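Participant: Chains as they are written, first to last, in numbering that gives the first Met the number 0: chain F, 0 to 439; chain X, 0 to 275.
The beta carbon of each residue, even a glycine, is placed where N, CA and C say it ideally should be.
Remember, it's a predicted structure, so these values are computed and weren't measured experimentally.
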Amino acid sequence: MIKKFTFPMGGIHLAKHKVTTDCPTVVADIPEFVSIPIKQHIGSPAKIMVSKGDKVRVGTLLADADGIVSADVHSSVSGEVTKIEDLPGASGYEEKMITIKVEGDSWEEDIDRSEDVEKEINLTPEEIIAKIRSAGIVGMGGAGYPTPIKTTIPEGKKANILIVNGIECEPFLTADDRLMVEKAEQIIMGARVLNRALGIQNAVIAIDENKPRAIEILTALSKLYVGVNVKICKTKYPQGGEKQLIKAITGQELPLGKLPIDIGCIVQNVGTVFAVYEAVLKNKPLFERVVTVSGDGCKHPGNYLVRIGTPISSLIEQSGGLDENVHKIVMGGPMMGNAVVNLSAPVTKTTSGILLLQDGEFTKKEASSCIRCGKCALACPAGLRPFAIKQAVSFNDTVEHMRKLHAGDCIECGCCAFVCPANIPLLDYCKIAKQEIRKK
Amino acid sequence: MDDSILSNVYILGGIAFVAATVLYLVSKKFAVRTDEMVIKIAEALPQANCGACGKAGCADFATACARSDESSFANLYCPVGGAAVMQKIASLKGYAATDRAPSVAVLRCQGSCKNAPIKVEYDAVSSCRIANRISSGQSGCPDGCLHLGDCVKACKFGALSLNKETGMPEVDTRKCVSCGACVKVCPRGLFEIRKQSQAGGMVYVACRNKQKGAVARKNCSKACIGCMKCSKINEVIKVENNLSYIPPELDADTFGKDLAENCPTGAIIYKERIHD
Numbered sequence: 000m001i002k003k004f005t006f007p008m009g010g011i012h013l014a015k016h017k018v019t020t021d022c023p024t025v026v027a028d029i030p031e032f033v034s035i036p037i038k039q040h041i042g043s044p045a046k047i048m049v050s051k052g053d054k055v056r057v058g059t060l061l062a063d064a065d066g067i068v069s070a071d072v073h074s075s076v077s078g079e080v081t082k083i084e085d086l087p088g089a090s091g092y093e094e095k096m097i098t099i100k101v102e103g104d105s106w107e108e109d110i111d112r113s114e115d116v117e118k119e120i121n122l123t124p125e126e127i128i129a130k131i132r133s134a135g136i137v138g139m140g141g142a143g144y145p146t147p148i149k150t151t152i153p154e155g156k157k158a159n160i161l162i163v164n165g166i167e168c169e170p171f172l173t174a175d176d177r178l179m180v181e182k183a184e185q186i187i188m189g190a191r192v193l194n195r196a197l198g199i200q201n202a203v204i205a206i207d208e209n210k211p212r213a214i215e216i217l218t219a220l221s222k223l224y225v226g227v228n229v230k231i232c233k234t235k236y237p238q239g240g241e242k243q244l245i246k247a248i249t250g251q252e253l254p255l256g257k258l259p260i261d262i263g264c265i266v267q268n269v270g271t272v273f274a275v276y277e278a279v280l281k282n283k284p285l286f287e288r289v290v291t292v293s294g295d296g297c298k299h300p301g302n303y304l305v306r307i308g309t310p311i312s313s314l315i316e317q318s319g320g321l322d323e324n325v326h327k328i329v330m331g332g333p334m335m336g337n338a339v340v341n342l343s344a345p346v347t348k349t350t351s352g353i354l355l356l357q358d359g360e361f362t363k364k365e366a367s368s369c370i371r372c373g374k375c376a377l378a379c380p381a382g383l384r385p386f387a388i389k390q391a392v393s394f395n396d397t398v399e400h401m402r403k404l405h406a407g408d409c410i411e412c413g414c415c416a417f418v419c420p421a422n423i424p425l426l427d428y429c430k431i432a433k434q435e436i437r438k439k
Numbered sequence: 000m001d002d003s004i005l006s007n008v009y010i011l012g013g014i015a016f017v018a019a020t021v022l023y024l025v026s027k028k029f030a031v032r033t034d035e036m037v038i039k040i041a042e043a044l045p046q047a048n049c050g051a052c053g054k055a056g057c058a059d060f061a062t063a064c065a066r067s068d069e070s071s072f073a074n075l076y077c078p079v080g081g082a083a084v085m086q087k088i089a090s091l092k093g094y095a096a097t098d099r100a101p102s103v104a105v106l107r108c109q110g111s112c113k114n115a116p117i118k119v120e121y122d123a124v125s126s127c128r129i130a131n132r133i134s135s136g137q138s139g140c141p142d143g144c145l146h147l148g149d150c151v152k153a154c155k156f157g158a159l160s161l162n163k164e165t166g167m168p169e170v171d172t173r174k175c176v177s178c179g180a181c182v183k184v185c186p187r188g189l190f191e192i193r194k195q196s197q198a199g200g201m202v203y204v205a206c207r208n209k210q211k212g213a214v215a216r217k218n219c220s221k222a223c224i225g226c227m228k229c230s231k232i233n234e235v236i237k238v239e240n241n242l243s244y245i246p247p248e249l250d251a252d253t254f255g256k257d258l259a260e261n262c263p264t265g266a267i268i269y270k271e272r273i274h275d
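(1) For the alpha helix (DSSP H) that Glu169 of chain X lies in, which residues bound it at each end?
(2) Does the Cβ of Ala130 of chain X have 16 or more other Cβ atoms within 10 Å, making it buried, or fewer, making it exposed?
(3) Chain X partners of Ile431 of chain F, CB-CB under 8 Å?
(4) Which residues in the same chain as Ser134 of chain X place their Cβ atom closer than 8 Å to its Cβ, once the five residues preceding and following it in sequence are excluded?
(5) Quick one: what's got a C-beta closer than 8 Å to Gly9 of chain F's C-beta in the same chain, skipping five residues either side?
(6) Since Pro385 of chain F is in the alpha helix (DSSP H), which residue starts that stretch and which ends it?
(7) Just to confirm, are Arg306 of chain F and Val76 of chain F a CB contact at a threshold of 8 Å?
(8) I want to verify the contact list: residues of chain F whose CB lies under 8 Å from the CB of Gly139 of chain X, in sequence order.
(9) Judging by CA-CA distance, which residue of X:Ala73, X:Val170, X:Gln109 is the nearest neighbour of Val103 of chain X?
(10) Hey, Ala266 of chain X and Ala222 of chain X are a contact pair by Cβ (cut 8 Å); roughly how many whole angstroms apart?
(11) Excluding the 5 residues preceding and the 5 following Lys182 of chain F in the sequence, name in chain order all residues of the same chain whose CB lies nearer than 6 Å to its CB.
(12) Helix or strand or just coil, what does DSSP make of Ser220 of chain X?
(13) Does the pairing of the region 165-179 of chain F with the region 98-117 of chain F give three or more beta-carbon distances under 8 Å?
(14) For the region 355-368 of chain F, which residues have a CB atom closer than 9 Å to at least one CB atom of chain X, in sequence order?
(15) Using 8 Å as the limit for Cβ to Cβ distance, is Ala180 of chain X near chain F?
(16) Report yes or no: do the region 342-349 of chain F and the region 295-315 of chain F share at least 3 C-beta pairs separated by less than 8 Å?
(17) In this structure, does DSSP put Cys178 of chain X in helix, strand or coil?
(18) Within the chosen definition, does the region 356-365 of chain F reach the region 148-157 of chain X through at least 3 CB pairs nearer than 8 Å?
(19) Please give the ranges of any beta strand (DSSP E) in the region 66-129 of chain F, keeping only runs that are unbroken, at least 3 residues long and fully inside the region.
(20) Mind checking which residues open and close the beta strand (DSSP E) that includes Phe171 of chain F?
(21) Go through the region 303-336 of chain F residue by residue and report every complete run of the alpha helix (DSSP H) that reaches 4 residues or more, in order.
(22) Indicate whether Thr249 of chain F and Ile166 of chain F have their beta-carbon atoms separated by less than 8 Å.
(23) According to DSSP, what are the bridge partners of Gly301 of chain F?
(24) Assess contact between the region 23-36 of chain F and the region 67-75 of chain F, defined as three or more Cβ pairs (one per stretch) separated by less than 8 Å. Is contact present?
(25) Under a three-way DSSP split, which group does Lys270 of chain X fall into?
(26) Is it right to say Ser113 of chain F is buried, meaning 16 or more other beta carbons lie within 10 angstroms of its own, or is it exposed?
(27) Suppose only complete runs of 3+ residues qualify. What are the beta strand (DSSP E) ranges in the region 194-276 of chain F, listed by chain order?
(28) Given Asn114 of chain X, which residues of its chain have a CB within under 6 Å of its CB, disregarding the five upstream and five downstream residues?
(29) Out of F:Glu323, F:Tyr303, F:Asp295, state which residue places its alpha-carbon closest to the alpha-carbon of Pro333 of chain F.
(30) Just to confirm, is the Cβ distance from Ile29 of chain F to Ile97 of chain F under 8 Å?
(31) For Val182 of chain X, collect the residues of the same chain with a Cβ closer than 6 Å to its Cβ; drop the 5 residues on either side in sequence, then sort them by chain order.
(32) Please list, in chain order, all residues of the same chain as Thr234 of chain F whose beta carbon is under 7 Å from its beta carbon, the five residues on each side excluded.
(33) Alpha carbon to alpha carbon, how far is Phe156 of chain X from Val79 of chain X?
(34) Determine whether the Cβ of Gln390 of chain F lies closer than 8 Å to any Cβ atom of chain X.
(35) Is the region 387-394 of chain F in contact with the region 421-434 of chain F, if contact means three or more CB pairs nearer than 8 Å?
(36) Based on the DSSP secondary-structure assignment, which residues constitute the bridge partners of Met201 of chain X?
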C-alpha cells in the first residue's frame, strides 16, 4: 500500500462537491472590455506604463513592478486603452484598473504559441528568475505573493525541497486538478525549471487522493525525469495550506513567524508552476488562468481558461447565467473565498473559482452563544483557541492579549466556524484580531 | 475553663493592639499626599471618565487642571460638564473661565434605506468593524453608513439610537456631550464633533463619498457630487476628491440657508437650531 501523507493537528473532512472534475478546460470567450487591476498581488501596486489611447497587444506590459515586493501586469487582450481610473472590485471597494477595449486578438511576437512541450533548459538560475519576474508571476493559489521573491534564496539559507502544491482541498474547485490532467508534462517541466533556479534536484508534486487521474498521469510521467516525484496526501481540509503541506511531506513543523525557506522548503501552487513553465520556456507572461465556475446554483458548471480582467458577469453568462435561486456568489473556494458584491469586477491572477450558491447548505445560520465545547480548538490546524480569540475581540481586549493567543498565526481556513455548533462566525473575529495585531 | 477563655481574649487583644499600632504608624509614614485642589476639582467633575477632554479620565483631568497655569488652563475643557463645571473649576483656581461654543456630534451620511437602496444582503457578524472589512456595504457606497450600530453601542450617554425605518443612527442633541466616542469607533469616520453657531445652528456636508459624481449618485440620491456650487457661495469651502467639506469656522447663521438651498442633491444639511 502506498503511504499517504497528512498533517496531524486539527483539520476537517468536507463534502467534495467536485462536479467539474471531468469537464475539460474550455477557452472562455474574450469580452468586449477588460479591466485589469494594477494590484493583484501582495505588496505595492505596479507603476502604470501606458496612457489612455495607447494600442496594446496580448502580452504587452501595462504596469511595471514598483519595488521588490510587487509584480508586473500585462495586457490579456489586444486593443485600445480607454480608461485608467478607480473602479469597484469584487468587494465593492475601488481599485485602480486599466480598461481596454478589445479589438481582434493579436499577440506579441516573442510569445511561443505552439503546443509542443519544450524540454531543453539552457538558462542560468539568474536568467530564470529574471524571466519569472518579467512575466509578472504571483502565487496563484490565492495569496498572490510574488513568485520571484520566493524563488530567490536569501543569503545564508539553503533550499532542500520544492513542494508543488496540487492539493486543492476546497470543495467545488477543480482548476488545479484539470491543469494537472491536461498539462502534466508542462507542470513537470515547470518544476524542473524551478529546481534549476533553486539549484536543487528534489521536487515533490503533492496531490491528494481524490484526484486519481492526476495521480496516475503525473506518477507515470515523473518516472521519466530525474528529481521529480509524486507524493499522495490524504483528503483532508486544509491539506493545501503551506504549513500543513510542509508538515505532511517533510514532517517538519514550520516555526511561528518563520518562512518556509528557513527550514529549506519552497511551496508553489501547480498553477504557478505551469505559469513558470510558460514564462521561461514559452516567453508567455501571466495573462490567463484556469477558473472553475461551479456551485449548486450554476446551470452548466465547467472549467474555463480565462483572460485576466474578464468581468465575472461574462463568465457567469457563459456557464448558463444567473437565476433567482442564486443566493450568494463567491470568488475563490467556499471555505476561504469572499462574497462578490459587484458582478462587473474582473477575474484576477488569484481567482481560482466563481461559485454560485443557492440558499440552504451554504447560508449563514443565526449565531447563538458559545457553549465552550472546544470543537473549534480541536479543528484548528494552527493549534489556536478560536473561542478565546472571539472573546478577546468582542470584549475589545488589548492587542497584547490577542498576541498572547497567537491570533496572528491564524491561516484563515475557516475550520473553526465550520464546526461551531452555535454557528458563531469565529473566522470573522480571528480576521479582526489579525488585523489589529498587524496595525500595531 | 474560664481561665482559658480569658487568656485567649488577652492574647488576641494584645495582638490586635500591636497590629493596629503598626498599621497606624505605617499609614502615617507612607501616606500619599494628594493635592487638595485635585480632590476639589475632581468632586466638581461629572466623573463620566469618557476621555472627551483628551485626558485618560476625570482624575487625570483634575490633576492637569490643578497643575496648570493661566495659559495652559485655557486649553483644558470638559465637554461633558460644559460651561457650568468649567466655571466652578475656574473659581477654585482663581482664573478666568474658559468658554467654548457648545458642540455636538453630527453624522455625515444620509444613506438611509430610502436614499441608498440595499443592493446586496449582508449576513455576517452584526458589527460595522467586520462589515467594513468584508465589502463596501449593502448599498454599494464605499464610504457610507453600514447600519449596524457600532456607534450606538459605543455611546455611553444614550445619545445615539438606530432608527429601524431608515437604518441610520440618530443623535439626540440634548443628550450628546460631544465626547467623541462615536468618532473613534466608526470605521468609516462618518461622525464629526461640530461647534454650534451663535444662534445655535449648524451647517455641514452630510456625505463622505469620494467617488465621481455619477458613480456616487448611482448608489445614493443624497450624495455629494463635487459640483463646486457651495465653494462659489463661500471660498472657505473646499472641494477635494469630488467631496465638499464645510470648515467649522464658517458662519452657519449667515451662509447656512443659502448653501442648503443651492445644493443640487441635498447633501448639505442646515439646521437653524440644533435642539429642535
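Facilitator: Checking against the coordinates, here is how it stands:
(1) Position 170 of the second sequence holds residue 169 of chain X. Looking at the DSSP string, Glu169 of chain X is not in any alpha helix (DSSP H); the run it does join, the beta strand (DSSP E), is 168-170.
(2) For this step, residue 130 of chain X is matched to residue 131 along the second sequence. Looking at its Cβ environment, which holds 16 or more other Cβ atoms inside 10 Å, Ala130 of chain X is buried.
(3) For the purposes of this step, residue 431 of chain F is identified with residue 432 of the first sequence, where counting begins at 1. Those are Arg128, Ile129, Arg132, listed as they occur along chain X.
(4) As a first step, residue 134 of chain X must be located in the second sequence, where it is residue number 135. Excluding sequence neighbours, Ser134 of chain X sits near Val119, Tyr121.
(5) Numbered from 1 along the first sequence, position 10 holds the residue referred to as residue 9 of chain F. Excluding residues within five positions, the ones whose Cβ falls inside 8 Å are Leu377, Ala378, Cys379, Pro380, Ala381, Gly382, Cys414.
(6) Along the first sequence, read from residue 1 onward, the residue named residue 385 of chain F stands at position 386. Element bounds for Pro385 of chain F: 385-393.
(7) Walking along the first sequence from the start, residue 306 of chain F turns up at place 307. Walking along the first sequence from the start, residue 76 of chain F turns up at place 77. The answer is yes: Cβ separation under 8 Å.
(8) Your numbering for residue 139 of chain X matches position 140 in the second sequence. The answer, in chain order, is Pro87, Gly91, Val340, Asn341.
(9) To locate residue 103 of chain X, count along the second sequence from 1; it is residue 104. Minimum Cα distance to Val103 of chain X is reached at X:Val170.
(10) Within the second sequence, residue 266 of chain X is the residue found at index 267, counting from 1. Within the second sequence, residue 222 of chain X is the residue found at index 223, counting from 1. With 8 Å as the limit, Ala266 of chain X and Ala222 of chain X qualify as a contact, their Cβ atoms being about 6 Å apart.
(11) Locating residue 182 of chain F in the first sequence gives position 183, where the first residue counts as 1. Result list for Lys182 of chain F: Phe273, in chain order.
(12) Here the question's residue 220 of chain X lines up with position 221 in the second sequence. Ser220 of chain X falls in the coil class under three-state DSSP.
(13) no
(14) Thr362, Lys363, Ala366
(15) Position 181 of the second sequence, counting from 1, holds the residue named residue 180 of chain X. By this cut-off, Ala180 of chain X is not an interface position.
(16) yes
(17) Position 179 of the second sequence, counting from 1, holds the residue named residue 178 of chain X. Looking at Cys178 of chain X - three-state DSSP - the assignment turns out to be coil, as it is neither helix nor strand.
(18) no
(19) 78-87, 93-101
(20) Residue numbering aside, residue 171 of chain F sits at position 172 when the first sequence is read from its first letter. Neither: Phe171 of chain F is in no beta strand (DSSP E) and is coded neither H nor E.
(21) 311-317
(22) As a working mapping, residue 249 of chain F is identified with position 250 in the first sequence. As a working mapping, residue 166 of chain F is identified with position 167 in the first sequence. Not in contact: Thr249 of chain F and Ile166 of chain F (Cβ atoms no closer than 8 Å).
(23) Residue 301 of chain F sits at position 302 when you count from the first residue of the first sequence. DSSP output for Gly301 of chain F lists F:Val292 as bridge partner(s).
(24) yes
(25) Within the second sequence, numbered from 1, the residue matching residue 270 of chain X stands at position 271. The answer is strand: DSSP assigns Lys270 of chain X an E or B state.
(26) As a first step, residue 113 of chain F must be located in the first sequence, where it is residue number 114. Flag for Ser113 of chain F reads exposed.
(27) 202-207, 227-232, 264-268
(28) The count along the second sequence starts at 1 and reaches residue 114 of chain X at position 115. Here the set comprises Cys219, Ser220, Lys221.
(29) Within the first sequence, the letter at position 334 stands for residue 333 of chain F. Comparing Cα positions, the closest option is F:Asp295.
(30) For this step, residue 29 of chain F is matched to residue 30 along the first sequence. For this step, residue 97 of chain F is matched to residue 98 along the first sequence. For Ile29 of chain F and Ile97 of chain F, no; Cβs fall outside 8 Å.
(31) To locate residue 182 of chain X, count along the second sequence from 1; it is residue 183. These residues qualify, in order along the chain: Phe190.
(32) Here residue 234 of chain F refers to the residue found at position 235 when the first sequence is read from its first residue. Excluding positions up to five away in sequence, the list reads Asp207, Glu208, Asn209.
(33) As a working mapping, residue 156 of chain X is identified with position 157 in the second sequence. As a working mapping, residue 79 of chain X is identified with position 80 in the second sequence. Their backbone Cα atoms lie some 10 Å apart in a straight line.
(34) Along the first sequence, read from residue 1 onward, the residue named residue 390 of chain F stands at position 391. No, Gln390 of chain F lies away from the interface with chain X (no Cβ there is under 8 Å from its Cβ).
(35) yes
(36) If you number the second sequence from 1, residue 201 of chain X lands on position 202. Paired residues: X:Lys270.
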